[in-house]
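In what follows, a structure is listed as structure tokens, so that the remarks can point back to it.
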Amino acid sequence: MALSRKKWNNILIIACVFMVAVLTFIDSKTNKMPDDAQALFDQANQLTQLQLDNIWLNKGNSGWVCSDQVLNCIELAKAWEQLSISPTSVNDAEQQQLPTPQTLIIAINNAVDGQQWQYYPESGLLLSASKNWYQIPPSLRAELKPIVASQTLKE
30 MALSRKKWNN ILIIACVFMV AVLTFIDSKT NKMPDDAQAL FDQANQLTQL
80 QLDNIWLNKG NSGWVCSDQV LNCIELAKAW EQLSISPTSV NDAEQQQLPT
130 PQTLIIAINN AVDGQQWQYY PESGLLLSAS KNWYQIPPSL RAELKPIVAS
180 QTLKE
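Reading the sequence shown from the start, the letters are residues 30 to 184 in this note's numbering.
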């Protein structure tokens with residue numbers, strides 16, 4: 030028995046409403062901050078400098094200043110300033126499978142010597158200078174990536 034056009038329209042409307050409900054539910058669960066997430070920086074320990082491989086950020090009296098090639102300086106600085114992390118553990122087998130990390134140097138409260146961390150952007154892992162592992166929530170990872178201006182070859 031063939032369905033009428035009205036019945037097909039009703040089926041499509043119900044399917045669309047169902048999909049919107051499912052996507053809304055998934056979004057609410059994935060964007061939720063983990064319960065054990067804690068701010069990496071606070072008022073007593075403020076981020077003042079950050080170097081991620083060859084890209085640097087520096088908080089001066091007039092605000093954030095970044096490497097010339099960074100296009101999203103303010104957004105990137107705010108994302109790192111407001112970063113929340115959760116303690117985690119990584120066993121030796123998992124650590125062997127991780128890609129090469131980026132070197133992250135953090136200076137807090139204008140300290141002369143910065144702390145050297147290892148950053149694994151693909152998996153959202155941070156390894157502190159004291160060898161403690163931390164997980165960055167998936168909802169915050171995209172904001173931590175600098176947008177770098179493409180460099181043209183000079184002839």
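Idealized CB from N, CA, C, for every residue including glycine.
Its chain contains 88, 110, 137 and 138 as the residues whose beta carbon lies nearer than 8 Å to that of residue 75, once the 5 sequence neighbours on both sides are disregarded; these appear in chain order. Taking C-alpha positions only, residue 125 is separated from residue 50 by approximately 40 Å. Contact between residue 144 and residue 132 does not hold, since their C-beta atoms are separated by about 11 Å, which reaches or exceeds 8 Å. The closest CA to that of residue 123, considering only 107, 154 and 47, is found on 154. The DSSP assignment places 76–81, 84–89 and 92–95 as complete runs of the beta strand (DSSP E) inside the region 42–111, in order along the chain (cut-off: 3 residues). Between residue 99 and residue 167, the CB-CB gap reaches or exceeds 7 Å.
Selection 67, 66, 91 and 83 evaluated against residue 77 yields 91 as nearest (Cα-Cα). Residue 132 is bridged by DSSP to 147. Residue state for residue 173 is assigned as helix, using DSSP reduced to three classes. When the five nearest sequence neighbours on each side are left out, the beta carbons in the same chain lying within less than 8 Å of the beta carbon of residue 140 are those of 77, in order along the chain. In this chain, the alpha helix (DSSP H) harbouring residue 121 covers 121–126.
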